[in-house]
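Step one of this worksheet: look at the structure below.
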Amino acid sequence: MDTHNRSRSHYPPPHNPPRQTSSPVPNPPITMKVGKCSSDALALTNYLFICPRDFHPSVRYVKINDQFVFSIRPDDNQPARQLGMSLIHRRWASLSLNQEVSVVPYDPSYESPYHYLGKLELEVGFFQKNQDIKEHFDTDEMSKIFCQVFNSQIFSIGQQLVFDFHGINLIVTIKKINQSLDFSELQRILTGENFESSQEDQRNETRGVLTPQTRIHWMKAAISSIKLGGSSKSTTSYAIIQPDFKFEDMGIGGLDSEIGAIFRRAFASRIFPPSLVEKFGIQHVKGILLYGPPGTGKTLMARQIGKMLNACEPKIVNGPEILNKYVGQSEENIRKLFADAEKEYKEKGEDSGLHIIIFDELDAICKQRGSKNDGTGVGDSVVNQLLAKMDGVEQLNNILIIGMTNRLDMIDEALLRPGRLEVHMEIDLPDENGRLQILKIHTSKMSQNGIMGDDVDLKELASLTKNFSGAEINGLVKSASSFAFNRHVQVGTLASVTPDVKDVKVNRDDFFAALDEVHPAFGVNDEELQQCVQNQIIKFSDNIEKIISDGQLFIDQVRKSSRTPLVSVLLHGPPGSGKTALAATMAMSSEFPFIKLISPENMVGFSETAKMSMINKVFNDSYKSPLSVIVVDNIERLLNWVELGPRFSNSILQTLLVLLKKIPPKGRRLLILATTNFKQSDLKDLSMSDCFNSEIYVPNIKELLSVNHILEELKLFNDNEKDRVISDLKEVKLNIGIKKLLMIIEMSRQDVDNKIEKFVDTIISVNTTEITKNRRGNISENVNEYQLNEI
């Protein structure tokens, strides 16, 4: 008893005075146990019951664990130091029976002068989920009874309670407190003064005390079958979005505009009451198709959309799971997905809850009808069944289909029209700001726990990760973490760590090492390009300087000019003249985020169809990047060209003719560098001359001065030996490719005793062969031209 008497002296004055201006004397917390209410009837009052001896009669509210505020009432049947709480109370405060909690008296006027509720938004549904009543509930009467039953009780946002309305238990959730009033404002309302708070005066509070003057707006719970009527029915919003959901919690970076567009198209109409939407004479969007490169966040976005909606549990289906070997079973699997939505829509109509179905890998089951010749027709039947359910004779307005695919071109076009999957959202590679957001998401735990090194600059990493997808950035962070772990592995063992493992940090060097290990799928293939320039570019003549200079002009044109998003350049000349090396050098000097090489070396054994598919894929991938370079090497080998005949693949030719002229999508720029040994006459015969904006001729080496420059660069001979070589070659008419000359130089380097004679003799022999070959070619061309003229 002494303890109780000492505690009473710290209680605040009785509630309901004018606004307090002085700070209260802090009350020491009391430790109490969580228990049950003494009867079910008391549990419906929303009061938290205490022993009359535990608190002073003036205490009307208490705060538990310094977070949850409840209205209290004494009960003689309640044991001392025990709180009588209903199941709803315990669930909201995350408390268990017999759990010890810290309790302190609470006076709302000390926390904020604006503690009387001006307007309250409540979400209501049946307490029993299976309960279904056809009649409408009068919200005006509900408001009147609610204010009478719960008058002077304190309510917080997110709090739930059971409301007994004419013998029917309703579950009520506090959704929003739009306006709270202080004591003087409440007095003006009670005295009948004309008081209307302006929009600027409205305050959003987290809790407040209910009064008979509180305006209440009711909204139907999305998953409840309750039907509301009356003027107090909310016309402002429909609770389809989870009240505690924050978009920053989605864990998706770089997709702000896409998320905004999806919300506007698919969900904006759903937050309004059905009666208002009916006045527009429209139906809700039923389908969203997310498409784009792998790893850009399509599946993650669909999963998070399902979490943020206050709707039925989403049904997530992988496309191949629909297919079944038994006749008709695949179509039955589709029908089962829509069964719950159909049943509820027949019973509740527009008041039905939202049913979400998420299809991953949609292209596996919704290919173009007639594209498969397997004889079963299962694919076409699945598409037909899905079309019938989405937009058939019996239309459903309570479904939302979210489909995801990497191959938009494979989806049946009937699915893509309005009324079906009508919102097409491309989830593209993130820009620099998006990459920064993704890096912050994946390194947030490191930053919070002090694992991130001080020298790590996420903005620097965002600029270095051009064309990285979200998944690849995640892989980059994992790779950097592995380097940090590896520093603390005990030397000589793979099963123990060093004693200073607690000091592990991921630093800047770890991320740079990871950049060398993790490469984007839509990036630069450095290894292939480096192989094309193994011997580096030797600027042995002014012509080479001019070619490289012209190449830089083409690069700048693609990067800066708004009028030429596509620039295609053909490097042609005799075999071995260095066309591929020059094209690869130009491509790498551009520093564009996407550089790919189309080479016949990578297509050995491919059929014509496979070659066309691969070429088309490289071009389509380039359209995902803002700046791209494609090097098309050795066109004649891609076309399977042989002079005997001549013979070539017309299908591959037509593919190249189309893609070389195809303008990239808006906002995308492409530079094409192609190489060929074709003569000008051959290019005209194949209709390829008009495919390129510019042509660059790469000749063989024909001047002795160029050979002298190359010998100086590669240091094969000393000065005396070099002078002797140049003297021996003065009478030779040179016509040799740089590739062959480099091969001769390296071969002569191996003959230590006679390298001068070896070099000179080989040059004369090879050069004689080249001249004879060229003469034969010229004679053959003259004969063909003469025969053509005779005809």
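If you're matching positions, the sequence shown starts at 3 in my numbering and goes up one per residue.
We put the CB at the ideal spot given by N, CA and C, even for glycine.
N- and C-terminal bounds of the alpha helix (DSSP H) containing residue i
i, result
"Leu655", "Asn652 to Leu661"
"His91", "Leu89 to Ala95"
"Leu685", "Gln682 to Asp687"
"Glu123", "It is not in any alpha helix (DSSP H) - Glu123 instead sits in the beta strand (DSSP E) that spans Tyr118 to Phe128."
"Thr407", "Where Thr407 is concerned, there is no enclosing alpha helix (DSSP H), although the beta strand (DSSP E) it sits in stretches over Ile401 to Thr407."
"Gly289", "Here Gly289 belongs to no alpha helix (DSSP H); instead the beta strand (DSSP E) covers Gly289 to Tyr293."
"Gly575", "Neither: Gly575 is in no alpha helix (DSSP H) and is coded neither H nor E."
"Ser60", "Ser60 -> no alpha helix (DSSP H), and no H or E assigned at all."
"Phe148", "Thr141 to Val151"
Bounding residues of the beta strand (DSSP E) (the contiguous stretch that carries residue i)
i, result
"Arg217", "Arg217 to Lys222"
"Val105", "Glu102 to Pro107"
"Arg209", "Arg209 to Val211"
"Pro76", "Phe70 to Pro76"
"His490", "From DSSP, His490 is part of no beta strand (DSSP E); its letter is neither H nor E."
"Met427", "Val425 to Glu428"
"Lys38", "Ile32 to Lys38"
"Asp362", "His357 to Asp362"
"Lys317", "Lys317 to Asn320"
"Asp826", "The structure shown does not extend to residue 826, since the chain spans only 3 to 793, so no value can be given for it."
"Ile632", "Leu629 to Val634"
"Ile66", "Tyr63 to Ile66"
Candidates the options, of which the one nearest residue i by Cα
i, options, result
"Asn622", "Asn604, Leu662 and Ala583", "Leu662"
"Asn469", "Ala390, Lys461 and Pro432", "Pro432"
"Cys693", "Thr657, Arg670, Leu97 and Asn537", "Thr657"
"Ile299", "Cys534, Ile475 and Val425", "The residue asked about is misnamed: residue 299 is Gly in this sequence, not Ile. Checking every option, the nearest Cα to that of Gly299 belongs to Ile475."
"Asn320", "Ile360, Pro110 and Arg217", "Ile360"
"Phe274", "Lys222, Ser226, Glu323 and Met303", "Lys222"
"Glu143", "Pro666, Leu99 and Arg217", "Arg217"
"Ile225", "Gln133, Thr141, Asp511 and Arg371", "Gln133"
"Lys741", "Asp721, Pro577, Gly127 and Leu364", "Pro577"
"Ala263", "Met427, Ile358 and Gln331", "Met427"
"His219", "Ser579, Ser145, Val660 and Leu292", "Ser145"
"Cys583", "Ile557, Ile550, Ser609 and Ser564", "It should be noted that the sequence gives Ala, not Cys, for residue 583. Comparing Cα positions, the closest option is Ile550."
"Glu723", "Lys760, Gly405 and Leu163", "Lys760"
Residue i in three-state terms, based on DSSP
i, result
"Arg205", "For Arg205, the pLDDT reaches just 49, beneath the cut-off of 50, and the residue's location in the model is therefore unreliable, leaving the point undetermined."
"Ser601", "coil"
"Leu44", "helix"
"Leu339", "helix"
"Ile284", "coil"
"Thr467", "coil"
"Phe167", "strand"
"Met590", "helix"
"Ala1", "There is simply no residue 1 to check, as the chain begins at 3 and stops at 793 in what is shown."
"Lys724", "helix"
"Ile1", "The structure shown does not extend to residue 1, since the chain is modelled only from 3 through 793, so no value can be given for it."
"Val606", "coil"
"Asp502", "helix"
"Ser543", "coil"
"Arg371", "coil"
"Val535", "coil"
"Ile191", "The predicted model places Ile191 with a pLDDT of 49, which falls under 50 and marks its position as unreliable; any figure quoted below should be read in that light. Here Ile191 sits in helix by DSSP."
"Lys229", "strand"
Distance, residue j Cα to residue i Cα
i, j, result
"Met590", "Leu675", "12 Å"
"Ile173", "Arg670", "54 Å"
"Glu198", "Tyr118", "Note that Glu198 has pLDDT 46, beneath the 50 cutoff, so the model's placement of it is unreliable and the number below is only indicative. Their Cα atoms are separated by approximately 15 Å."
"Tyr625", "Leu555", "22 Å"
"Ile546", "Lys664", "30 Å"
"Gln204", "Glu123", "Unreliable positioning characterises Gln204 in this predicted model, as indicated by a pLDDT of 46, which lies under 50. A coordinate reading is not provided."
"Val571", "Gly294", "29 Å"
"Met303", "Ile254", "7 Å"
"Ile698", "Asn720", "35 Å"
"Glu280", "Gly351", "12 Å"
"Ser651", "Ser601", "16 Å"
"Glu415", "Leu364", "13 Å"
Chain B contact for residue i (CB, 8 Å cutoff)
i, result
"Asp68", "The displayed structure is made up of one protein chain only, and chain B is not part of it."
Cβ-heavy atom distance, residue i to the ligand ATP, below 7 Å
i, result
"Cys149", "Among the components modelled here there is no ligand, and therefore nothing to report on the ligand ATP."
### Message
If contact is defined by three or more beta carbon pairs under 8 Å, each pair taking one atom from either stretch, is the region 426 to 445 in contact with the region 305 to 315?
### Response
no
### Query
Using 8 Å as the Cβ pair cut-off and three pairs as the minimum, do the region 499 to 512 and the region 457 to 467 touch?
yes
### Message
Is it the case that the region 29 to 38 contacts the region 75 to 89, given that we only count it when at least three CB pairs across the two stretches are under 8 Å?
### Response
yes
### Message
Contact between the region 578 to 598 and the region 525 to 533 is defined here as three or more beta-carbon pairs at a separation below 8 Å; is this criterion met?
### Response
yes
### Query
Just checking, does the region 63 to 81 make contact with the region 147 to 159 on the three C-beta pairs under 8 Å criterion?
yes
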